[in-house]
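Student: Taking numbering that gives the first Met the number 0, the leading residue of the sequence shown gets 0, the next gets one more, and so forth. If you scroll down you'll find the structure; I have some questions about it.
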Amino acid sequence: MSDVVEKTLTALPGLFDSQTGAARITNRLRQLIKSITELTSKHDEEKLIKQELSAMKEQVSSPNTTMKQMREVMVRAMYCEMLGYDASFTYIHAIKLAQQGGVLEKRVGYLAVSLFLNEGHELLLLLVNTVLKDLQSTNLIEACMALTVVAQVFPKDMIPAVLPLVEDKLSHPKEIIRRKAVLALYKFHLIAPTQVQHIHGKFRKALCDKDPGVMTSSLHIYLQLITESPDDYKDLTGSFVTILKQVVGGKLPVEFDYHGVPAPWLQIQLLRILSLLGREDPSTSELMYEVLDESLRRAEMNHNITYAILYECVKAVHTIHPKAELLEKAARCIGNFVLSPKINLKYLGLKALTYVVQHDARLALQHQMTIIECLDHTDYTIKRETLELLFRITNAQNVTVIVEKMLDFLHGCNDEHTIIHLVGKVTELAEKYPFFEFAPDNSWFIQTMNDVFSTGGDLLQQDVPNNFLRLLAEGSESKEEDDQLRLYAVDSYLTVLKRDASHLPQRFLQVMSWVLGEYTPLHESVDQREVICLLTKLLDQRSVSSETRVWILSALTKISEGQTDLILELAESLSSSQDTVLRQQAQELCQLTQDSQLYERVLPRGAPWDGMEVDSSLSFLDGFVSEALAAGAAPYKPPHQRQEELCEDRALNLEPYSFSLPVSLSSCSITDRPSPTLLSVSSGLSGNSTELSQKAGSSTLSLEGVKRVWGKDGYLRQNETTAPLVDEPNAAVQASGQQEAAERSEPQPEPSTQNQDKQQLASSLFVGLGAGSSMSLLGKSEAPPPRFRKKPRPHSSSSSGTSERSSESSSHCTTESFLYGRLLEEEPATSISAFSHNPKSSTANGLARNEDRRTNTSQILGGDLVLVRPNMIQDEHPPPGSSDLTALLPADLKDLPHSDVISLTSDPSLSLSSCRLFRDEALLLVILISNCTETEIKDVAVQLTCDELETASLRGNVMNCLEGNSTSVCHYALLMDNPHTNVSFTGTVSYQTQPGHTNTLPFSGTLSTADFIRPLVLTTEEYGKLWLTLSHDVKQNLKLLIDASDPLRTTLNALRDALQLHVVDIIGSEGIVACRLLSGASCLLHCRVNGDALAMWLRSPLPALPDCILYHCQRALAQH
């Protein structure tokens, strides 16, 4: 606390001038802080702060309070707020201080506003005009303060009001203004990326700014942009490399140095950017090798900041396309970290090693004994990071030892966050390897989860016990093993309950209750009366919560058959309970016990868990809902939609007012929102205003649905600026690593007993990390043994019917047999089902129903999902990039529209290319696998991964043999449920050129929303009705192709050809367009000529779809 007070006292005098009264004001604040620090109790502090707030409230209410006094009150109020007390009565005065005061008062007012108000505070509306005035001020300090507060507290609804002014500041002559403008635009990009898409070209200008501070600020934006879409910025790799060379070479001014290290934070940002650009890209990575090598040489290990640079260098070397020389230097650097006696360096080495084992787990073998010693380290963080490293190298052979070490650590851990994190790791490993050949028996899973529940306690996330019970219920493919596991769980929990169970966590008691209720009848040697007595005893304990009592009663209900006397006695004792839920359950239990037929109907014995029909749509309430709607009740709106509408109602309307002439209405009825099909004859009078339509029989002006658009010509200006390259620095060389070589040359002593124990532990922990073994790394799922395969879980509702459930189950089984059956002894390393998501129900807004999706899926490739051998084309090996698909594609795909063939990747043996084929039901991603050698390649398997997409079907991804100089075709049918501007997919091709030697060739590519858009054919009347049902809209001005005789028609035709849109109608200067996403979600576009621009209004049931389509419309028109 003393450090905080000292820093505060040092900084606060700078807020005041040197005029008369400044010392008196500062002394009053000093006295307040000193009084607080001298107090001995929280109660005394609250009393003092309450008196101070009362005095300040009286002072700000006085009409005689001067600006200087108000400034002093505001500083004291900020200090009280920082201590956690409410000083909200000063918020409005902070805004007044920023509006009416001089430079010093503005400084304090803006500071108070940034501390007091958040982005959703309603008082921010009062600050807009002040910020606009200060942004246009010629006073440098006022402009800086306005830019600072804009970047800190302005919400996305206010961005259009200040965006043009902030954009103009990018060309300000003062570098501090340009730097703050770049940071403000970075904040805009984080909260509303679509509103700053048109100024990406100016970001490049900021990157090439002559001031290093402005250039450094722009790297924040580029790091975010490249993280989202690295392929769009590959052309800037040379610029980033050259900048890093200059920084490493010491070409920046000396004020950017930190402890003699040139611009270390700038180096870290550049290294992160380069690692993203060079991932799985050999050509781009080639440009970085030299500067990464130089960064590793120049960073001497003599200060903490250089350690951070080395850490980022190691991560970058292992992220980009590998180079043997750099990998060796990075490994040597990691070794120096791990072997360092300093705890901070050892932790950094473990952190780096944890990252790099994702790419090569054999690196952990070089430091086996060091890792073993770290398990017994006295420092808590070292032990925790070591367990994280072991988690990354877990496989089926060492999972028992690693889990045991994690549980040992948990038993002595008191930190809640660490317990939650580590329990999740143990649970993930236990669920991943519930049955495997290296465990002593199948009970290992139950024992491990028991330790998790007893150790983690009620800190566990709810999904941990839920997943455990689901996995236990679903079981494996072997019914005998499932029954053995369940019976062992029953025996285990009965043993626990016979001891003192008062100290057990509630989650553990709930799990035990469910298992005993479900599987006790399966255990013939267990007396059900004994189980009932144990559960009843548990029910009477005071430490048991009400929620757990409900679980126990549910278990008793399941095993109450034939035990009428015990159950009736229990029900009678609970009939007077104060808990209404317990009383209700007791009555139900009593009724079920007395009526055997009702018991059999409600709780059928031996019924499969997946045979239960669940009406997830609550169709039994349809009649009630219909009656309520007919009586005038409001329709249900999801919480997110209600929140969005509430935010829209509170949003600031920044649109200029304009006049509109009366409009004659069409015959269609308008009851809610204005429809763009009612085309306005006076739309040309209003540049940016929303189309105003008149209700039938009324002259009331309707402005509902108006959103924010700033400026007459909009914001979409695509100005591309090429980033000039800067001079390269002179290279300097430093050598290191002799110490490690000397250590290796020393003779090793004979191992002691303790060393032998450590070596034995190392052999258990690091088993399976050899070159030929399978590894379980982060981001690379390991193939589980064939003994355990989780059963598919149906998603059908009761309204779907039995036939749909059976067809869904058979389709899923067919898919599994296609992926796994008879092709591999074990499941593939990365399952294609990673694309799959839970099917979503339809809405009235145009979303496709799950039944339609499944119906169309079987027609996407012309048949059922069965194993189709790949199409082999002998002696027809076209060069990569060839657009002649006639000889390569199957006959049913040759006539489809398609993109050009592009090369994905290649090595000396294989060459991969791809193209996109467009069908009405799905996007077909075709991957051409070409054998570049004369010899045959065996066991070729393609694995594709993309979490944002769903695979409807696939063909030709596995082949036993690929002849020499031949090409195989593999194609995926892809769907997009949630729109994304661009989607990156990754994959690998594994193959064998020699028996027992498997090669892996990674590849990646990018798809966009435009690939998943299809025309939506509607009539004008259908368009108008559908428009009224859509809730999410976006408006923006686009480029109009004015060179043609009919600019509107030419522009819409260009968009139609580029994005597969359907032009519904064009009347005068207005047009309506419709399209749909492959998932079925519609998007309607209303376009109107507005001078030299095209005013476009988009609506869709999905919030992100209008923004995505708007983005691609901008690109299509910019490239036309």
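The beta-carbon is built from N, C-alpha and C at its ideal position, and this holds for glycine as well.
Please report the residue range of the beta strand (DSSP E) in which Cys914 lies.
Tutor: Residue 914 sits at position 915 when you count from the first residue of the sequence shown. Here the beta strand (DSSP E) through Cys914 covers Leu909 to Phe917.
Student: Between which residues of its own chain and Ile158 is the CB-CB distance below 6 Å, once the five residues before and five after are set aside?
Tutor: Residue numbering aside, residue 158 sits at position 159 when the sequence shown is read from its first letter. Once the five neighbours on either side are set aside, the close Cβ partners of Ile158 are Phe187, Ala191 and Gln194.
Student: Does the contact criterion of 3 or more C-beta pairs under 8 Å hold for the segment 1062-1075 versus the segment 1013-1024?
Tutor: yes
Student: From Thr934, Ile1012 and Gln98, pick the residue whose C-alpha is nearest to that of Leu1083; which is it?
Tutor: Translated into the one-based positions of the sequence shown, residue 1083 becomes position 1084. Of the candidates Thr934, Ile1012 and Gln98, the one whose C-alpha sits nearest the C-alpha of Leu1083 is Ile1012.
Student: Verify whether the separation of the beta carbon atoms of Trp1096 and His1111 is less than 8 Å.
Tutor: On the sequence shown, position 1097 is the one that residue 1096 refers to. On the sequence shown, position 1112 is the one that residue 1111 refers to. Cβ distance not < 8 Å, so Trp1096 and His1111 don't count as in contact.
Student: Just to confirm, is the Cβ distance from Leu347 to Tyr310 under 8 Å?
Tutor: As a first step, residue 347 must be located in the sequence shown, where it is residue number 348. As a first step, residue 310 must be located in the sequence shown, where it is residue number 311. In contact: Leu347 and Tyr310 (Cβ atoms closer than 8 Å).
Student: Using 8 Å as the Cβ pair cut-off and three pairs as the minimum, do the segment 545-557 and the segment 568-583 touch?
Tutor: yes
Student: Nearest-angstrom Cα distance between Cys207 and Leu251?
Tutor: Translated into the one-based positions of the sequence shown, residue 207 becomes position 208. Translated into the one-based positions of the sequence shown, residue 251 becomes position 252. So the two alpha carbons sit approximately 14 Å from each other.
Student: Across the segment 320-339 and the segment 348-363, are there enough close Cβ pairs to call them in contact, namely three or more that are closer than 8 Å?
Tutor: yes
Student: For a test of the three-state rule: what should DSSP assign to Arg278, helix, strand or coil?
Tutor: Translated into positions along the sequence shown, residue 278 becomes position 279. It is a strand residue.
Student: Could you check if Tyr78 is buried or exposed, using at least 16 other CB atoms within 10 Å of its CB as the buried criterion?
Tutor: Taking the first residue of the sequence shown as position 1, residue 78 is located at position 79. Classification of Tyr78: buried, given that the 10 Å Cβ count is 16 or more.
Student: For the beta strand (DSSP E) containing Asp1032, name the first residue and the last one.
Tutor: By 1-based counting over the sequence shown, the position of residue 1032 is 1033. His1031 to Lys1038 is the span of the beta strand (DSSP E), which, as asked, contains Asp1032.
Student: Name the one or two DSSP bridge partners that His1061 has.
Tutor: Taking the first residue of the sequence shown as position 1, residue 1061 is located at position 1062. His1061 is bridged to Ala1073.
Student: Report yes if the CB atom of Leu521 is closer than 8 Å to the CB atom of Thr556, and no otherwise.
Tutor: Locating residue 521 in the sequence shown gives position 522, counting from the first residue. Locating residue 556 in the sequence shown gives position 557, counting from the first residue. Contact flag unset, no.
Student: Closest by CA to Thr987, which one among Lys1038, Thr904 and Glu962?
Tutor: The sequence position of residue 987 within the sequence shown is 988, counting from 1. Thr987 has its Cα closest to that of Thr904, out of Lys1038, Thr904 and Glu962.
Student: Nearest to Gly1023 by alpha carbon, out of Ile304, Lys314 and Gly1070?
Tutor: The sequence position of residue 1023 within the sequence shown is 1024, counting from 1. The residue with the shortest Cα to Cα distance from Gly1023 is Gly1070.
Student: Touch check for the segment 254-266 and the segment 1030-1042: three-plus C-beta pairs under 8 Å?
Tutor: no
Student: What's the call for Gln99, buried or exposed, on a 16-neighbour Cβ count within 10 Å?
Tutor: Position 100 of the sequence shown, counted from the first residue, corresponds to residue 99. By the 10 Å Cβ count, Gln99 comes out exposed.
Student: What residues match up with Ala1094 in a beta bridge as DSSP calls it?
Tutor: Taking the first residue of the sequence shown as position 1, residue 1094 is located at position 1095. BP columns for Ala1094 point to Asn1036 and Arg1087.
Student: Would you mind working out which of Met55, Ser1003 and Trp1026 sits nearest Glu80, comparing C-alpha positions?
Tutor: Working through the sequence shown from its first residue, we reach residue 80 at position 81. When only C-alpha atoms are compared, the closest one is Met55.
Student: Starting from the C-beta of Leu620, find all residues in its chain whose C-beta is less than 7 Å away, skip the five residues before and the five after it, and write them out in chain order.
Tutor: Residue 620 sits at position 621 when you count from the first residue of the sequence shown. Hits under 7 Å: none found.
Student: Please confirm whether Val127 and His92 have their CB atoms less than 8 Å apart.
Tutor: On the sequence shown, residue 127 is found 128 positions in, with the first residue counted as 1. On the sequence shown, residue 92 is found 93 positions in, with the first residue counted as 1. The answer is no: Cβ separation not under 8 Å.
Student: State yes or no: is the C-beta of Cys945 within less than 8 Å of the C-beta of Asn956?
Tutor: One-based indexing of the sequence shown puts residue 945 at position 946. One-based indexing of the sequence shown puts residue 956 at position 957. No.
Student: In whole angstroms, what separates the C-alpha of Arg447 from that of Thr950?
Tutor: Walking along the sequence shown from the start, residue 447 turns up at place 448. Walking along the sequence shown from the start, residue 950 turns up at place 951. Note that residue 447 is Thr in the sequence shown here, rather than Arg. Going by the C-alpha atoms only, they are around 35 Å apart.
Student: Use the C-beta contact count for Cys1074: other C-beta atoms within 10 angstroms, 16 or more gives buried, fewer gives exposed.
Tutor: Mapped onto the sequence shown, residue 1074 falls at position 1075. Cys1074 comes out buried.
Student: What does DSSP give as the partner residue(s) for Arg954 in the beta ladder?
Tutor: Counting from one through the sequence shown, the residue named residue 954 turns up at place 955. Per DSSP, His970.
Student: What residue does the beta strand (DSSP E) around Asn449 start on, and which one ends it?
Tutor: Numbered from its first residue, the sequence shown carries residue 449 at position 450. No beta strand (DSSP E) holds Asn449; the alpha helix (DSSP H) holding it covers Trp443 to Gly455.
Student: In this structure, does DSSP put Tyr84 in helix, strand or coil?
Tutor: As a first step, residue 84 must be located in the sequence shown, where it is residue number 85. Correct three-state label for Tyr84: coil.
Student: Run through the segment 300-325 for me and flag every whole alpha helix (DSSP H) of 4 or more residues, listed as ranges in chain order.
Tutor: 303-318
Student: Within a Cβ cutoff of 7 Å, which residues of the same chain sit near Ala315, ignoring the five residues on either side of it in sequence?
Tutor: The residue you call residue 315 lines up with position 316 of the sequence shown. If we look at Ala315 and ignore the five residues flanking it on each side, its Cβ neighbours are Leu270, Leu273, Ser274 and Leu291.
Student: Are the Cβ atoms of Gly108 and Pro154 separated by less than 8 Å?
Tutor: The count along the sequence shown starts at 1 and reaches residue 108 at position 109. The count along the sequence shown starts at 1 and reaches residue 154 at position 155. Cβ atoms of Gly108 and Pro154: not closer than 8 Å.
Student: How many whole angstroms separate the CB atoms of Leu1025 and Ser1099, which I take to be in contact at a CB cut-off of 8 Å?
Tutor: Counted from its first residue, the sequence shown places residue 1025 at position 1026. Counted from its first residue, the sequence shown places residue 1099 at position 1100. So it is not a contact: roughly 10 Å between Cβ atoms.
Student: For a test of the three-state rule: what should DSSP assign to Arg498, helix, strand or coil?
Tutor: Numbered from 1 along the sequence shown, position 499 holds the residue referred to as residue 498. Looking at Arg498 - three-state DSSP - the assignment turns out to be coil, as it is neither helix nor strand.
Student: Taking all protein chains shown into account, decide if Pro211 is buried (16 or more other Cβ within 10 angstroms of its Cβ) or exposed.
Tutor: Here the question's residue 211 lines up with position 212 in the sequence shown. Buried, since its Cβ has 16 or more Cβ neighbours within 10 Å.
Student: Assign Ser1003 to one of three DSSP states: helix, strand, or coil.
Tutor: Locating residue 1003 in the sequence shown gives position 1004, counting from the first residue. It is a strand residue.
Student: When DSSP builds the beta bridges, which residues end up paired with Cys960?
Tutor: As a first step, residue 960 is located in the sequence shown; it is residue number 961 there, counting from the start. Answer is Lys937.
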